[in-house]
Every structure is written in structure tokens, then in C-alpha cells.
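Visitor: Just passing along the structure, written as C-alpha cells.
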Amino acid sequence: MGENIKISIIERYQHQSLFQSALIEFLGSVIPYLESIGAGEEDYARLERLMVPERMIVFKVVWEDDKGKFHHNLGYRVQFNSALGPYKGGLRFDPSVNEDVLKFLGFEQIFKNALTGLPLGGGKGGSDFDPKGKSDAEVRRFCTSFMTELVRYIGPNTDVPAGDIGVGGREIGYLYGAYKKLMNRTDGTLTGKGVVYSGSQIRTEATGYGAVYFIKEMLTQAQRDIRGMRAVISGSGNVATHVAEKLIQEGAIPLSLSDREGYIYNENGLTQELIDAVKIHKEKRGSLKDLLVGNDVTYHEGAVWQTLKADIYIPAATQQEIKKEDAEAIVRNGAVLVAEGSNMPSTAEAVEVFQVAGVLFGPAKAVNAGGVAVSGLEMSQNAMHLHWATEEVDEKLRFIMKHIHDTCVHYGKHEGGIDYVKGANVGGFVHVFKAMGQLGW
Ligand code: NDP
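Under my numbering, the residues of the sequence shown are numbered 2 to 442, in order.
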């Protein structure tokens, strides 16, 4: 039965290659699990239903530039699964956004959210709008127009969007500002809000910090120490900069950050001062090549994977950034661990290379779940009209990342070690699957 499902997925989603890859990767873990528990026809039918979004919304967003000229983009929200709670997942503003990208992200989000142990469903959304090169006023007008459409489909107990690529603090502020005006309500819908207007402490840092907490757990499990480990990181946005920052705090050595054009590198390790400069530079949508570096920091064109040697590799930019040949280079360079900060950054062939070589491999669903975990905590604080201190949120984040790690170990343990891909897929799946059964879905 399982094989037939795989074949039908391959045929059905030939034109949505990212969504197809996400489904095939997931089925690679879940079908053997269902076989091991003697699942029947009804179970496989429920599995098939789980792979279809509950609702997909597409809308037109018309906005006006600074010269008074009108433009339009497409806006999307994929409400994938609400068995465990309100749909929850980020909004991405990038020219590459389409139905395929958002279905793959929304599907992965279901299990990531389930792994946190919080009552959250899974969804994703965004637009093919490019915030790069736009003025603040243009971004604000776009966000207001986007929210004018999205507002009717979201709410604190229905669907709670957050940020993602191209949607940072500025965009969340404008989106929530528009939501509040349109609804005449302050109910916390949207997470990643500014701390001054009911956001949570640590939400900005959460994905990057959480990834490092998870990496620490993986290394402890393998009886290794994070201190002194050298790490190559891709990306220079929210996730990447906070991974680098937390690595320094934990005694490890971040070596690089990258963007679409190139990367900065210091063989002695990037400093907190430089990371802060990157954050400010990227907030202004600058390119790394224009960042004034010095003190052993060099700028190079291209990607980080083939040339830089390290113990740990952390992709934190975008999907499918590590191909088979990159993975082979990473293995040749002596990697101990690869942890996915971005969503589905490794191709299926690359993951196989890591697993065959015995490199510790942490999949995105588990590694980058810290962001949505603190988003869940932000929802709780908003619902209770409370504001928790930084230490309290950070402590809860550490606890959740440990809980996710323990779940991966429970479902992924085998004679040779831990299969974190299987552990994360099955660990997330069991809750959602059980809930769907009890809800009669
Ligand atoms: P940001 O927009 O803050 O940063 C994205 C970074 O990735 C930038 O440095 C950008 O370069 C680079 N990048 C984007 N697209 C490409 C590309 N096609 N090729 C090379 N580099 C690229 O995004 P986030 O840091 O928030 O997100 C990064 C990843 O982490 C995404 O996969 C996202 O889905 C995932 N994620 C994010 C979470 C969050 O809380 N923010 C939570 C969980 C996962 P440039 O500056 O040139 O644009």
C-alpha cells in the first residue's frame, strides 16, 4: 500500500518538485513506521488525506509605488492542517514564492509544530513581492494591501502567521498595524511582533538560538563537546546571524556568513561586533560585498560549501542550497555534523551522502523549530495578557529543543546511532495522525 502511495505522489506532483520532494522524504520514514505497527487500509487512507492542504487561498495584492504607479502581486495562504491547533507558519516575501514553495513549507510546518509539543497546526503563506529596493513607504503600502485581503482568513484561534524570508520585524509591524486597524482588535494574531507592542522576548533570536541548543543536544548524545568546534554557516539573515551569535556564546567558532552573491569568512572566527554589523547592514537590505570588512575578514564570491573546512555545517539561507557535490565536499572536509537551519536546504541526494558517510545529520523540522516554539509562547503570553522575562522564555526554548531532541532519539534510535530524519518525521507525524483519527478526519 505504501509503495502505491509513493508512486501516485510522484505522478501527481511532477510539476511541484519541492512539494513532491518533501512528501517523498516524509514517506521514506512514515511508511516503514506504519508497516512496523501493522497499519491497515484506513490508516493509509488517512495518511493520503494528511498530504492534501485543508484550504489554499490565493489573492491579488494591488499597491502603489512612490511615483504613484500601481503594481500587483499574488498573495497566498496555505492552511495545511489544523488537527492540533490554529494554522501556524510564516509569510515569505520573495520573487520565487509560488504554490509549490508554499505547499512544501506548509507541509513541513505541520510536523515541526507538532514536535514542539504545543497546540499548533501547520500553514504557510506569502507573496512573490520583492521587498528589496523598495522604500519603507512602498513596503508599508504593500503590507497594508496584503493584509486587507488576508485579514478575513486569520485570527488568534484560526491562523496565526509569522515572518520568514523577506518578512522581518518591519514587515510584521506593518502587517499587524493594518490588522489592528481593520479588525479594531488587539488579539495577538501574527507572531514575531515588536516587544514594545506585545511581542515576546527572544522571538527574533529563537530560530538561531534553538538550532544551536539542538546541535548541543546532538553532540552531547554523541559524547562530543561543542566548545572549540568550527562552524560554516550560510545565510546572513535572521536565522544565520543568531546561529553565529549563540555559537560564540557556547564556545564554538562561526567562520562564515553568506548571501545570494558571496560570503564573508574569518579563519579565526567571526566576532560579535561583526555579526552586529551584518544585522544592521542586512536590515537596510545591503549586500555583504558592500560591508566594510577588515581584521582578517575576507569577502568571496559564490557559495560556502565546496571550499570551507569545518567541523559543523549549518545551512541557514534557503531551500535546496546543498547539492550532492556540495555534500561530498563537506564529507571530504571532515564534517562531524550538519544541522539544517533553513527549510529543506539539502537535496535528497545530499542527505543520503551525509547518512552513508556517518555524519550526524539534523533535519530542519527539528533543528529550526525554535522559532515557531517561541511564536507559540508569544501566543500564550498574548492570550494571558502577560509578558515573560527574557530568561523565562529562553529557559522554555531550551526545554522545548531538548524535548524535540528526546523525541527524535525515541523514534529514530537504531543499532548504529540515531536517525534524526526518521525521528523527526515519525515523532511529528504520530501526534497529528492520532488527532486526525480522533477528530474523525
Ligand atoms: P532572512 O530573509 O532573514 O534571510 C535570508 C538569508 O538567506 C539572506 O542572507 C539571503 O540573502 C539568503 N538567501 C535567500 N534566498 C537565497 C538564495 N536563493 N540563495 C542564496 N541565499 C539566499 O530569512 P530567515 O533567516 O528568516 O530564513 C532563512 C531560512 O530559515 C529560510 O529557509 C526560512 O524558511 C527558515 N526559517 C526561518 C525561521 C524564522 O524564524 N525566521 C523559522 C524557521 C525556518 P540576501 O541577503 O542576499 O537576500
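Even glycine gets a Cβ: it sits at the ideal position worked out from N, Cα and C.
1) Roughly how many angstroms separate the alpha carbons of S1 and H388, rounded to a whole number?
2) Skipping 5 residues on each side, what residues in its chain have a beta carbon closer than 6 Å to that of Q21?
3) Taking all protein chains shown into account, do 16 or more other C-beta atoms lie within 10 angstroms of the C-beta of N5, making it buried, or fewer, making it exposed?
4) Does the beta-carbon of S9, which I'm using as the reference point, lie nearer than 7 Å to any heavy atom of the ligand NDP?
5) Only counting the same chain, and skipping five residues up and downstream in sequence, which positions put a Cβ closer than 7 Å to that of T145?
6) Looking at the unbroken beta strand (DSSP E) that takes in T145, where does it start and where does it end?
7) Assuming the contact rule is C-beta atoms closer than 8 Å, V79 and M57 should be a hit. Round their C-beta distance to whole Å, please.
8) Is I166 near the ligand NDP, in the sense that its beta carbon is under 7 Å from a heavy atom of that ligand?
9) Counting along the chain, where does the beta strand (DSSP E) carrying D160 start and finish?
10) With a 10 Å radius around its C-beta and 16 neighbouring C-beta atoms as the bar for buried, classify T221 as buried or exposed.
11) Can you tell me whether DSSP reads E65 as helix, strand or coil?
12) Can you give me the Cβ contacts of G263 inside the same chain, cut-off strictly under 7 Å, excluding the 5 residues immediately before and after it?
13) In the DSSP assignment, the alpha helix (DSSP H) including Y77 goes from what residue to what residue?
14) Alpha carbon to alpha carbon, how far is P87 from G295?
15) Can you look up G189 in the DSSP assignment and give me helix, strand or coil?
16) What did DSSP end up calling Y14 once you bin it into helix, strand or coil?
17) Is K7 helix, strand or coil by DSSP?
18) Measuring CA to CA, which of P132, G167, S128 is closest to M148?
19) Do the segment 211-225 and the segment 348-357 touch if we need at least three Cβ pairs shorter than 8 Å?
20) Our contact map puts I234 next to S257 with C-beta atoms below 8 Å; I'd like the distance itself, whole angstroms only.
21) Would you mind sorting R186 into buried or exposed? The rule is 16 or more other CB atoms within 10 Å of its CB.
22) Going by beta carbon distance, what residues of the same chain come within less than 8 Å of K181, once the five residues before and after it are set aside?
23) May I ask whether a heavy atom of the ligand NDP can be found less than 7 Å away from the beta carbon of A23?
24) Taking 7 Å as the limit between beta carbons, can you name the residues of its chain near S83, skipping five residues before and five after?
25) Please work out which residues of its chain come closer than 6 Å, Cβ to Cβ, to R141, disregarding the five sequence neighbours upstream and downstream, and give them in chain order.
26) In angstroms with no decimal places, state the Cα-to-Cα distance between I281 and E392.
27) So does the segment 107-114 actually touch the segment 132-140, counting three or more Cβ pairs closer than 8 Å?
28) Indicate the three-state DSSP secondary structure (helix, strand or coil) for I155 in the structure shown.
29) Would you check whether the ligand NDP has a heavy atom nearer than 7 Å to the C-beta of S237?
30) Using beta-carbon positions only, say whether L51 and G429 come within less than 8 Å of one another.
31) Please indicate yes or no: does the CB of G169 lie closer than 7 Å to some heavy atom of the ligand NDP?
32) Put E350 into one of helix, strand or coil per three-state DSSP.
33) So, are the CB atoms of V62 and N74 less than 8 Å apart?
34) Relative to the alpha-carbon of V240, which residue among Y45, G377, A365 has its alpha-carbon at the smallest distance?
35) Bridge partners of E302, per DSSP?
36) R261: beta carbon under 7 Å from a heavy atom of the ligand NDP?
Guide: Judging by the given coordinates:
1) With the chain covering only 2 through 442, there is no way to say anything about residue 1.
2) Y14
3) exposed
4) no
5) Y175, A179
6) Where T145 is concerned, there is no enclosing beta strand (DSSP E), although the alpha helix (DSSP H) it sits in stretches over 137-151.
7) 5 Å
8) yes
9) 160-163
10) exposed
11) strand
12) L289, K290, Y300, H301, E302, G303
13) Counting along the chain, Y77 falls outside any alpha helix (DSSP H), though it belongs to the beta strand (DSSP E) covering 71-82.
14) 47 Å
15) coil
16) coil
17) helix
18) S128
19) no
20) 6 Å
21) exposed
22) T187
23) no
24) E55, G122
25) Y175
26) 25 Å
27) no
28) coil
29) yes
30) no
31) yes
32) helix
33) yes
34) A365
35) G263
36) yes
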